[in-house]
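Protein chains in written order, with the numbering used here: chain A, 1 to 93; chain B, 1 to 93.
Backbone N, C-alpha and C fix where the C-beta goes; we use that ideal spot for every residue, glycine too.
To start, the structure itself, in structure tokens.
2 protein chains.
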Amino acid sequence: MFDVNEYFDGNVKSLAFKAGEDKATVGVMAAGDYEFGTDSQEHMTLISGEMSVKLPNEDKWRDIAINETFIVQAKVSFLVKIGCDSAYLCLYK
Amino acid sequence: MFDVNEYFDGNVKSLAFKAGEDKATVGVMAAGDYEFGTDSQEHMTLISGEMSVKLPNEDKWRDIAINETFIVQAKVSFLVKIGCDSAYLCLYK
Chain A
1 MFDVNEYFDG
11 NVKSLAFKAG
21 EDKATVGVMA
31 AGDYEFGTDS
41 QEHMTLISGE
51 MSVKLPNEDK
61 WRDIAINETF
71 IVQAKVSFLV
81 KIGCDSAYLC
91 LYK
Chain B
1 MFDVNEYFDG
11 NVKSLAFKAG
21 EDKATVGVMA
31 AGDYEFGTDS
41 QEHMTLISGE
51 MSVKLPNEDK
61 WRDIAINETF
71 IVQAKVSFLV
81 KIGCDSAYLC
91 LYK
């Protein structure tokens, strides 16, 4: 019913579901540095924890607040720093 | 690293993590009616979807808004109606 995805040796796990017409995941990340690639545009929201991101074409890291949503364009890679166990929502547009 | 929990034949799945000092889960529920029991006090937040709840000692169903948090006392059971795929955060106090 709900697929479980696992990345980075289990340091990132997510559950796939539908958010209206959008594919979506809720997931958790352990403290660490990650690089992700996008297929579609992604709308990511920090639910719990500490996250900063460095998006393509931005030259500075940006701290993400709880409940803040940032948008990542399709077909790019972006960097994420996680300070402690964190949870996120991701909508695939 | 992160345990995956599964309930109701996979219609509810969650990922366990730490939110500061609290044990926490993010999870997904398929449309349906559920009864859950609590061990500790739980602070539940609806992240995505449609949820209504009937808590102990309340005689009416209550619709939960996105980002709304409701508190369920320890050692009780409560009823949840889910209208479509939904995601939630739960903190165990």
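Which of helix, strand or coil DSSP assigns to residue i
{"i": "G37 (chain A)", "result": "strand"}
{"i": "D59 (chain A)", "result": "coil"}
{"i": "G20 (chain A)", "result": "coil"}
{"i": "D85 (chain B)", "result": "strand"}
{"i": "F8 (chain B)", "result": "helix"}
{"i": "F78 (chain A)", "result": "strand"}
{"i": "E50 (chain B)", "result": "strand"}
{"i": "K93 (chain B)", "result": "coil"}
{"i": "I66 (chain B)", "result": "coil"}
{"i": "M1 (chain B)", "result": "coil"}
Residue i beta carbon near the ligand NAP (any heavy atom closer than 8 Å)
{"i": "H43 (chain A)", "result": "You won't find the ligand NAP in this model; it holds no ligand whatsoever."}
Nearest candidate by alpha-carbon position, reference residue i, set the options
{"i": "A19 (chain B)", "options": "A:S48, A:E42, A:N67, A:V53", "result": "A:S48"}
{"i": "L46 (chain B)", "options": "B:V80, B:V4, B:E6, B:D3", "result": "B:V80"}
{"i": "L91 (chain A)", "options": "A:T25, A:E6, A:V4, A:N5", "result": "A:T25"}
{"i": "K75 (chain B)", "options": "B:Q41, B:E35, B:D9", "result": "B:Q41"}
{"i": "K23 (chain A)", "options": "A:A31, A:K54, A:F36, A:H43", "result": "A:H43"}
{"i": "Y3 (chain B)", "options": "A:G27, A:E21, A:M1, A:F17", "result": "In the sequence as displayed, the identity of residue 3 (chain B) is Asp instead of Tyr. When only C-alpha atoms are compared, the closest one is A:G27."}
{"i": "G10 (chain B)", "options": "B:M1, B:Y34, B:V53, B:E21", "result": "B:Y34"}
{"i": "W61 (chain A)", "options": "A:S52, A:M29, A:T69, A:E68", "result": "A:S52"}
{"i": "P56 (chain A)", "options": "A:E50, A:F36, A:T69, A:N67", "result": "A:F36"}
{"i": "N67 (chain B)", "options": "B:K54, B:Q73, B:E50", "result": "B:E50"}
{"i": "A16 (chain A)", "options": "B:F17, B:D39, B:I71, B:M29", "result": "B:M29"}
{"i": "K7 (chain A)", "options": "B:Q73, B:M1, B:E21", "result": "Note on identity: in this sequence residue 7 (chain A) is Tyr, with Lys being the wrong assignment. If we check each option's Cα against that of Y7 (chain A), B:M1 comes out closest."}
Counted within 10 angstroms of its Cβ, other Cβ atoms place residue i as buried (16 or more) or exposed
{"i": "K13 (chain B)", "result": "buried"}
{"i": "Y88 (chain B)", "result": "buried"}
{"i": "D63 (chain B)", "result": "exposed"}
{"i": "S77 (chain B)", "result": "exposed"}
{"i": "D59 (chain A)", "result": "exposed"}
{"i": "I82 (chain B)", "result": "buried"}
{"i": "A65 (chain B)", "result": "exposed"}
{"i": "D85 (chain A)", "result": "buried"}
{"i": "A31 (chain B)", "result": "exposed"}
Return the residues of the segment 25-39 of chain B that lie within a Cβ-Cβ distance of less than 8 Å from chain A, sorted by chain order. V26, G27, V28, A30
Which residues, in order along the segment 13-24 of chain A, keep a beta-carbon less than 7 Å from a beta-carbon of chain B? K13, L15, F17, K18, A19, A24
Using a Cβ-Cβ cutoff of 9 Å, what residues of the segment 64-87 of chain B are near chain A? List them in chain order. N67, C84, D85, S86, A87
Report the residues of the segment 1-13 of chain A with a CB closer than 7 Å to any CB of chain B, ordered along the chain. Residues passing the 7 Å Cβ filter: M1, F2, V4, G10, N11, K13.
Residues of the segment 47-66 of chain A with a CB closer than 9 Å to any CB of chain B: list them in chain order, please. I47, S48, G49
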